[in-house]
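Accompanying notes for the structure given below.
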Amino acid sequence: MTDLGAMYIGAGLAAIGVGLAALGVGNVFGSFLEGALRNPGAADGQQGRLFIGFAASELLGLIAFVVAILILFVVKK
Amino acid sequence: MAGDINPMEQFQVEPVFGHHIVLGGYDVSFTNSALFMVVVFMLLALFMAGGLKRQLIPGRWQVAAESAVGFIDDMMRVNIGPEGKKFAPYIFSIFMFILFANLVGVLPIAILPHLHTFAVTSHITVTAVLAFLSFGIVLAVGFWRHGFHFFSLFVPHGAPAWLMPVIIPVEFVSFMVRPFSLGLRLFVAMTAGHILLEVFGSFVVQGLNAGVGGSWLGWIVSLLSFVMIIGVSALELLVCAIQAYVFALLTSLYLNDAVHLH
Chain Z
8 MTDLGAMYIG
18 AGLAAIGVGL
28 AALGVGNVFG
38 SFLEGALRNP
48 GAADGQQGRL
58 FIGFAASELL
68 GLIAFVVAIL
78 ILFVVKK
Chain V
174 MAGDINPMEQ
184 FQVEPVFGHH
194 IVLGGYDVSF
204 TNSALFMVVV
214 FMLLALFMAG
224 GLKRQLIPGR
234 WQVAAESAVG
244 FIDDMMRVNI
254 GPEGKKFAPY
264 IFSIFMFILF
274 ANLVGVLPIA
284 ILPHLHTFAV
294 TSHITVTAVL
304 AFLSFGIVLA
314 VGFWRHGFHF
324 FSLFVPHGAP
334 AWLMPVIIPV
344 EFVSFMVRPF
354 SLGLRLFVAM
364 TAGHILLEVF
374 GSFVVQGLNA
384 GVGGSWLGWI
394 VSLLSFVMII
404 GVSALELLVC
414 AIQAYVFALL
424 TSLYLNDAVH
434 LH
C-alpha cells in the first residue's frame with residue numbers, strides 16, 4: 008500500500024467519528040423530546056441544558072472532522 | 174480532471190485591491206476577511222441604529238432589535254442571575270457579531286460573477302480571538318471578585334480528599350481547554366458547512382458538464398445535488414444561529430463559574 012493510500016484510509020477511518028457523534032447528537036435531542044413530551048411545561052426551562060449537551064457531543068464529532076481534514080490537507084504527502 | 178473545483182479555495186485570505194502592503198515585516202493589506210468584518214459591522218450598526226428609535230409603539234424593526242436584546246438579557250438572568258446584567262453588553266455584541274458574520278458568510282451572492290462572500294468565522298484566527306477574549310474576561314472577573322480564592326474552582330465540593338491528586342489536574346485541564354473548544358467549535362462548524370456546500374456545488378457543475386457531454390446520468394446527479402444544496406443551505410442557516418447561540422451560552426456559563434465559583 009502506498010503512503011497516499013494509507014492516508015486516505017486513515018482520513019476515512021477518522022470520519023467514522025463524525026457518524027458516531029451524529030448518534031450522540033441524535034440521542035441528546037431524542038431524549039430531550041421524550042422528556043419534553045411527558046412534561047411540556049418543564050421543557051422550555053431546560054432548553055439551555057439541551058444546547059449544552061448538543062454542544063458537548065457535537066464538539067467531539069467536529070474534532071473527528073478536523074483530524075480527517077488534517078490528514079488530508081496538512082500532513083505532508 | 175477537467176473542471177476540478179477545490180473546496181478549500183473559498184477560505185483563502187487575499188488582499189482586496191490585488192497587491193500586498195508590507196509594513197515592518199508584517200502583511201497589513203486590506204484583505205477580503207477584513208472587508209467582510211467591516212460589512213458585518215456596518216450591517217450590525219444599521220440594524221441597531223434602526224432599532225434604537227425608542228418609539229412608544231414600536232415598529233417591526235424596533236421589535237426585532239428589542240427581542241434580540243431581550244433574548245440575551247434573559248439568558249444572562251437565567252444562567253448568571255442578577256449579577257449577570259452587567260455582562261449582557263459583551264455577550265450581546267459577541268452573539269450578534271457571530272450571528273451576522275455566519276449569516277453573511279452563507280449569502281449566495283457568488284452567482285454574480287467575480288463576487289463571493291467570505292465567512293469571517295470560518296477562520297480559527299478570528300474565532301480563537303473571540304474565544305480568548307471570552308476566556309480573558311472570565312479570568313479577569315474571577316480574580317477580581319475572588320482573588321486567589323478563584324482557584325477553588327478546581328476543587329469540587331464533596332469530593333473525598335484522596336481523590337484530589339487526580340481530580341484537580343483533570344479540572345485544571347478541562348478549564349484550560351475551554352477557549353480552544355469554544356473557538357474550534359465555531360470555526361469547524363462553519364468550515365464544514367461551507368465545504369459541504371462547495372462539494373455539492375461542484376457535483377452540480379460536473380453533472381451539467383457530463384450531461385452536455387451526452388450522459389443522461391449527469392442531468393440526474395446535477396438535479397439531485399441542486400436539491401441537496403437547498404436542503405443543506407436551510408440546515409446551514411440553522412447551524413449559523415445555533416453556533417452563535419452556543420458561543421454566547423457557553424461564555425455565559427463560564428462567566429457564571431467565575432462569578433459564583435460552583
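Protein chains in written order, with my numbering: chain Z, 8 to 84; chain V, 174 to 435. We put the beta carbon where it would ideally sit given N, CA and C, even for glycine.
Proximity of chain V to L66/Z at the Cβ level (cut-off 7 Å) is accounted for by S354 and R358, in chain order. With a minimum length of 4 residues, the unbroken runs of alpha helix (DSSP H) contained wholly in the region 219-253 of chain V fall at 233-252.
Nearest to E41/Z by alpha-carbon distance, out of L57/Z, L27/Z, L11/Z and I76/Z, is L57/Z. Going by beta carbons, L423/V and A28/Z fall outside the 9 Å limit.
Here the region 239-251 of chain V does not lie against the region 302-316 of chain V, with fewer than 3 beta-carbon pairs under 8 Å apart.
Taking C-beta separations shorter than 6 Å and ignoring five residues to either side along the sequence, the partners of V186/V in its chain run T204 and S206, following chain order. With a contact defined as Cβ atoms closer than 8 Å, V293/V and V302/V miss out at about 11 Å. Comparing C-alpha distances from M249/V to each of V361/V, V213/V, P262/V and G366/V shows the shortest one belongs to P262/V.
When beta bridges are read from the DSSP output, Y199/V appears opposite L196/V. Taking a Cβ-Cβ cut-off of 8 Å, the neighbours of F58/Z in chain V comprise I415, Y418, V419 and L422, given in sequence order. Taking one beta carbon from each stretch, the region 266-281 of chain V and the region 411-429 of chain V have 3 or more pairs nearer than 8 Å; the two touch. Taking C-beta separations shorter than 8 Å and ignoring five residues to either side along the sequence, the partners of V35/Z in its chain run L57, G60, F61 and S64, following chain order. Counted as a single uninterrupted DSSP element, the stretch harbouring N179/V is not any alpha helix (DSSP H), since DSSP gives it neither H nor E.
Taking a Cβ-Cβ cut-off of 7 Å, the neighbours of G55/Z in chain V comprise V251, N252 and L422, given in sequence order. When rounded, the separation of the alpha-carbon atoms in V419/V and H322/V is 28 Å. Annotation note: the region 8-74 of chain Z contains the following uninterrupted alpha helix (DSSP H) runs of length 4 or greater, listed N- to C-terminal: 10-21, 23-45 and 47-50. Distance between I282/V and W317/V, taken at the CA atoms: about 46 Å. Using a Cβ distance threshold of 9 Å, L326/V and A431/V count as a contacting pair.
The three-state reading of DSSP puts P188/V in strand, counting E and B together. Only residues of its own chain outside the window of five on either side were considered, and among them F203, N205 and L208 have a CB closer than 6 Å to the CB of V189/V, listed in chain order.
Per DSSP, reduced to three states, the secondary structure at T290/V is coil, with no helix or strand assignment. Residues are counted here when their Cβ sits less than 7 Å from a Cβ of chain Z; for the region 318-347 of chain V the count is zero.
Here the alpha carbon of G404/V sits roughly 39 Å from the alpha carbon of D200/V. Contact between the region 369-378 of chain V and the region 388-402 of chain V is present: 3 or more CB-CB pairs across the two stretches fall below 8 Å. Your pair F72/Z and V25/Z checks out as a contact, with CB atoms roughly 5 Å apart and the cut at 8 Å. Scanning chain Z for C-beta atoms nearer than 7 Å to the C-beta of V361/V yields L69, F72 and V73, reported in chain order. As DSSP reads the structure, T204/V sits in a beta bridge with P188/V. Going by beta carbons, F360/V and S295/V fall inside the 9 Å limit. Here DSSP, grouped into helix, strand and coil, assigns G387/V to coil. Short of 7 Å from the beta carbon of V212/V, and not among the five residues preceding or following it, lie these beta carbons of its own chain, in chain order: V277. For a Cβ distance threshold of 8 Å, residue set F80 of chain Z lies close to M181/V, ordered along the chain. DSSP, read as helix, strand or coil, puts G356/V in helix. At a cut-off of 9 Å between C-beta atoms, I76/Z counts as an interface residue with respect to chain V.
A straight line joining the alpha-carbon of F373/V with that of A362/V spans about 17 Å. The Cβ atoms of A75/Z and A18/Z lie closer than 9 Å to each other.
Interface with chain Z (9 Å Cβ-Cβ cutoff): T364/V is included.
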